[in-house]
Amino acid sequence: MRPPEPPKNRRVLIASSHALFGQGLRSLLEERKHARVEIVGMVSSLDEALKALETAEPDLIIVDYDDEKLNREEFLARFVEGEKELRVVLLSLQSAQDAIVYDRRTMAAAQIDDWLQERDFGANEPDGARQPQPAENHADTRRVKMNRRLKKAVHLIIASVITLVVTVALSLSWGHFRVLPEAASAQAVPIDRLFHIEYVLIAFLFSLIVVFMLYSIIVFRRKKGDTSDAEHIEGNSTLEMVWTVAPLITVMFLAYLGGDALAATLAPEPKALRVDVTGRQWTWNFTYPDFGISSTELYLPVNQQAVMRLSSTDVIHSFWVPEFRVKQDALPGGPDFVRDLRITPTKTGEYKVRCAELCGLQHAYMESPVVVVSQAEFDAWVAKESGVSEDPAVRGQQLTAQLGCIACHSVDGAKLVGPSWLGLYGASVTLADGSTITADEAYLSESIQDANAKVVEGYPAGVMPQQFIDPVTGQPISDAQIADIIAYIQSLK
Amino acid sequence: MSEKKDSIFSIGLVRGLVGMLAGYLVGFALVSVIRLILGFPIWDYNPSGNHYGFSEPAWVVGAIFGVFGFMLSVGSTSDWLKWANGQSTPDHPTDAFPSGVRRFLSASFDHKVIGIQYGVTSILMLGVAGIFALIFRSELAKPGLQVVDLQAYNTIMSLHGIVMIAGILIGVGAMSNYLVPLLIGANDMAFPRLNSFAYWINVPAAIVLLSSYFLGGFDTGWTGYPPLSQRAPLGMDMFFLGVIFVGFSSIFGALNVIATAIRMRAKGMSYFRMPIFVWSALATALIALTATQLIGLSFEMVMFERLFGMGFFTPDKGGDPILFQHLFWFYSHPAVYVFVLTGLGVISELLPVFARKPLFGYRWVALSSFGIALVGFFVWAHHMFTSGMASYLRIPFMYSTLLVAVPTGVKFFSWVATIWEGKLSFQTPMLFVLGAISIFLLGGLSGPPNATVATDLHLQDTYWIVGHFHATMFGGFVFPFFAAIYYWFPKVTGRMYNETLGKLHFYLMLPAFYVQSLGQMQIGLLGMRRRIADYDPALGITVQQLLITIAAFVIFASVLIALTNLIYSAARGPVAARNPWNSRSPEFMIPSPVPVHNYDQPVIVVGEPYDYGTNYAFVNIDPDRIVAAAPAAEDTAPDPSGSSAPASSPAAD
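Protein chains in written order, with this note's numbering: chain A, 1 to 493; chain B, 494 to 1146.
This is how it looks when you write it as structure tokens:
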């Protein structure tokens, strides 16, 4: 309880050239004793009012809004200039609701509403005891206010609950309807995870806005015949801050997740299979430089990363296998414009690479088969495509090219870092320790796997690698492959 | 004089078309003579192998001269020519223009006439582009090729895009030209002659653009990426020129809106008392003024490559094809905010009227338009996440792109808060506003998956993108545009549209659009690529394709209902009240249709624009509300002398 202040009468000045307005208002105000209004003057012109302002020192000036003789605007302009706290009410008899209030001290339009709430003189006075049945009145006002607040809160709670329910329902629906093709690559995993996260976020925001909108549409309709306006609510800066900052944090977090997922799709593996992909109007061509294969079908071994080296010979194309998710444009312009795309297929099957960048007339039909197979099937395909499946010597020739053997061992008798293979098989070889040995299968096999066991005279030891790794499998070369290499050497006569 | 007025040549459009034809002939002749002198062949020369009589340079120069010819004859430039000649002209030469329907077919300096001209042209363009859509939607209704061949498909699909864009830009011009002066209490735009010029240049531009169909078409989509666009037929040049000239319209129009909004506001209308639509028009104009040059530049460079063999984007000649995409999207991304900000302004403008509540967080909504415009300049490369630009660049552009969600979110939340606890009524404009919010929401929420690079690797260049931006275009432009048309129709024509037909339009278009948009998004996710004439039935999307096609036809039918309604009501509808919506806006304080010089007395702003729920007026001419004295700010004090405010009279340009 605030300490009671000595009651003070409000000093009111009435400005109107109509006697009836002033007298009527006076008797009305005097009837309401609890308002404690003291009429300190009745004026009918601006000049009189200004004079009365000095002499009568009113707290409140009530101006007849309908009075044409009083220039309201000038009146206000003059009255709002002073220093003293002063309130002006413009009253109209034509419509009971119309009243404009000016407070000399604050003047802000937004505050007029608050002032109007105090229109019932005395209600807000510290000493309410003077009002008739003050306690009940006070309680009534509070109850009405409480009720209104409760009603507002109920609306909010109901709409929030519906939002929550719809969000959960929508979120759980993920995976129950067909939106994404089968995920058939390692890169699809982080991407689909991000899709799921975003779907839940979208479900929440969509529910939030749509539920609150539909709720408003259903509950806050204008009733028939009601022409009045709704409650005057201009805004709420706290709320605006919340719905600026909360989305800001959310989207920044989303961007972080996006970067994370992108990094996951870009992660290179050291033993990636290289495929040079060339787009041209309107076909794709796939070259496997490691195998010397060129194909119109993209064969990929499952669970092994392939790095597509994308380029184009004419216009821009775009490499996209929906099941692999990732996409990259293929640009014309030579080596500077080659772009990499890493894909690790995880499911065997047949897919299609579909050109995703409009590339002219037959763009719609620029599709090529993609076949993901097991490693063994892939090897078989490579063998078949490179046409060496029959002849071990040819297989050996390719293997030696891939392993880089022929960088040191010539096949034409020239002396390089290592002994030439020409005519080697079956020949007698002088070793560094002076002994001689026939270059048979056992000797060659040993030399491939342990080069320093028997070093040929005139050649340095410790140069040749101790182990050879198959670029395709990542494993040391097999006995069969060694046999192929020996068959190749044998063929060099 | 009366005899002359009856002549068909009193119609500016007819004079313009004749001038355009003459311009073409002059251009053909000029290039042909030069080629003759240089010893090049005149006829049938075309690097792309298509033959259209004259050489490619002759067609290009012909089209440019044609546009000049049109502009010189239509009447927009006549005052400037007179000034150049030392003659003076009256400020408001209303007598010099024909009356009746001819008035709308001739150059006028009245912003309302120009606004209507923009509006009708826009609807025509959108209609033509819509018909293009129906053609290729029929093609896509089932797999295989049934309706058109590949070349026609590619051209129609490309034209659909660019004609829609031109139509939307012109529609934006319609709204800002008609509404900005009225909403700020001015009597015209700042530069009425420039305004007229900016409108009329759209007409020859549209003709040049559409002529591309008959000159071999072009198969690049509206993006016109080189090197494909270097190889495309002659139609490509017409596409480039059409866009460049529409771009001029955008730039001049934007200049005018900015000058008008800054200099011609009514007395007492501080920036934060401008109707919210003016805020969005201003933000839109700032983008259009500063970004449009880039698309013109990029297209011009490709044209130079085609005509003169220069190398900007060709690697063999030292160019870079990705550079084009940067230049192109530097405009074309902000351009989508040009398309939608105006529409979002309409939503914010209309919601308080039909909710009988103040616009929630007016300042936040106003500034969010500028926020979107500003951020919009830093996001262009999100169109290029798979383009092969430097890989790291994708990260900053992902962050900036997602930032767009923040000011956009402010708008959504403020809209919902505006209708919350309001007293809503559901006349046709309000239905379209609510529909617009829900659809723009769909468009907005389908954005983040495109913005995060990882998911965009899947989504880029698919129908998901098509669904996403059609949702933003319908929610950000089409629905608000129709809301604006229905809302201001009584103000423009003085007659009321038919409410039942208006609602029928809405209730057909909204569900049809949802079917179309969600269908597009789904098939995109499942593997449907953009811009393809045929698709693999193995994708399992045939049913959806058929549904999308049906939805497209329903949308078109609903628009036909709307047009019937509007045309009939403009002539025969019931006479509209001065203020049918009980709005606070100044244009609803004056008679319908708006008198020639808008406000017969200077408008003084005495309150807040959206103070529903109070009895105070916004402007000093509101007979329904208390017109209080203007508040304290010195420049807003009432002017007792009643002398005319200089701000309200249009400046001469």
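We put the CB at the ideal spot given by N, CA and C, even for glycine. Quick caveat: nothing in here was measured; it's all calculated off a predicted structure.
Residue-level contact to chain A via CB, residue i, 8 Å cutoff
| i | result |
| --- | --- |
| residue 1138(B) | Residue placement at residue 1138(B) cannot be trusted, given a pLDDT of 40 that sits under 50; what the coordinates show is reported in the next sentence. Judged by the 8 Å Cβ criterion, residue 1138(B) is not in contact with chain A. |
| residue 887(B) | yes |
| residue 953(B) | yes |
| residue 724(B) | yes |
| residue 655(B) | no |
| residue 1015(B) | yes |
| residue 1105(B) | yes |
| residue 647(B) | yes |
| residue 541(B) | The predicted model places residue 541(B) with a pLDDT of 48, which falls under 50 and marks its position as unreliable; any figure quoted below should be read in that light. Taking Cβ atoms only, chain A never reaches closer than 8 Å to residue 541(B), which makes this a no. |
Neighbour-count burial assignment, residue i, 16 or more Cβ in a 10 Å radius
| i | result |
| --- | --- |
| residue 374(A) | exposed |
| residue 678(B) | buried |
| residue 500(B) | exposed |
| residue 176(A) | exposed |
| residue 632(B) | buried |
| residue 241(A) | exposed |
| residue 146(A) | exposed |
| residue 358(A) | buried |
| residue 907(B) | buried |
| residue 683(B) | buried |
| residue 1067(B) | exposed |
| residue 764(B) | exposed |
CB-CB length for residue i against residue j, believed under 8 Å
| i | j | result |
| --- | --- | --- |
| residue 332(A) | residue 312(A) | 4 Å |
| residue 1048(B) | residue 1009(B) | 7 Å |
| residue 880(B) | residue 815(B) | 6 Å |
| residue 782(B) | residue 820(B) | Not a contact, Cβ separation roughly 17 Å. |
| residue 261(A) | residue 947(B) | 3 Å |
| residue 895(B) | residue 251(A) | 4 Å |
8 Å Cβ cut-off: residues of chain A touching residue i
| i | result |
| --- | --- |
| residue 850(B) | 229, 230, 231, 232 and 233 |
| residue 644(B) | 361 |
| residue 930(B) | 209 and 213 |
Boundaries (first-last residue) of the beta strand (DSSP E) holding residue i
| i | result |
| --- | --- |
| residue 466(A) | Per DSSP, residue 466(A) belongs to no beta strand (DSSP E) and is neither H nor E. |
| residue 515(A) | Absent from the structure is residue 515(A), since the part of chain A shown begins at 1 and ends at 493. |
| residue 319(A) | 317–320 |
| residue 308(A) | 306–312 |
| residue 279(A) | 273–280 |
| residue 328(A) | 327–330 |
Residue-level contact to chain B via CB, residue i, 8 Å cutoff
| i | result |
| --- | --- |
| residue 216(A) | yes |
| residue 354(A) | yes |
| residue 213(A) | yes |
| residue 178(A) | yes |
| residue 331(A) | yes |
| residue 315(A) | yes |
Within chain B, the residues that residue i reaches when beta carbons sit closer than 7 Å
| i | result |
| --- | --- |
| residue 205(A) | 938 |
| residue 307(A) | Ordered by position in chain B, no residue passes the 7 Å Cβ test against residue 307(A), which lies about 14 Å from the chain. |
| residue 499(A) | Past the edges of chain A, shown from 1 to 493, lies residue 499(A), and the structure says nothing about it. |
| residue 243(A) | 902, 903 and 906 |
| residue 21(A) | Correct list: empty, because the minimum Cβ distance to chain B is about 17 Å. |
Limits of the unbroken alpha helix (DSSP H) element including residue i
| i | result |
| --- | --- |
| residue 240(A) | 237–266 |
| residue 31(A) | 19–31 |
| residue 371(A) | It is not in any alpha helix (DSSP H) - residue 371(A) instead sits in the beta strand (DSSP E) that spans 367–373. |
Listed by chain order, chain A residues near residue i by CB distance under 7 Å
| i | result |
| --- | --- |
| residue 713(B) | 358 |
Interface partners of residue i on chain B, CB under 9 Å
| i | result |
| --- | --- |
| residue 154(A) | What residue 154(A) touches in chain B: nothing, since even the nearest Cβ is about 12 Å away. |
| residue 259(A) | 887, 888, 891, 892, 945, 946 and 947 |
| residue 191(A) | 947, 948, 950 and 951 |
Neighbour list for residue i in chain B, Cβ cutoff strictly below 8 Å
| i | result |
| --- | --- |
| residue 327(A) | 879, 950, 951, 953 and 954 |
| residue 265(A) | 947 and 950 |
CB contact below 8 Å: residue i versus chain C
| i | result |
| --- | --- |
| residue 280(A) | Annotation note: the requested chain C is absent from the structure, which comprises protein chains A and B. |
Interface partners of residue i on chain A, CB under 9 Å
| i | result |
| --- | --- |
| residue 912(B) | 212, 213, 216, 217 and 220 |
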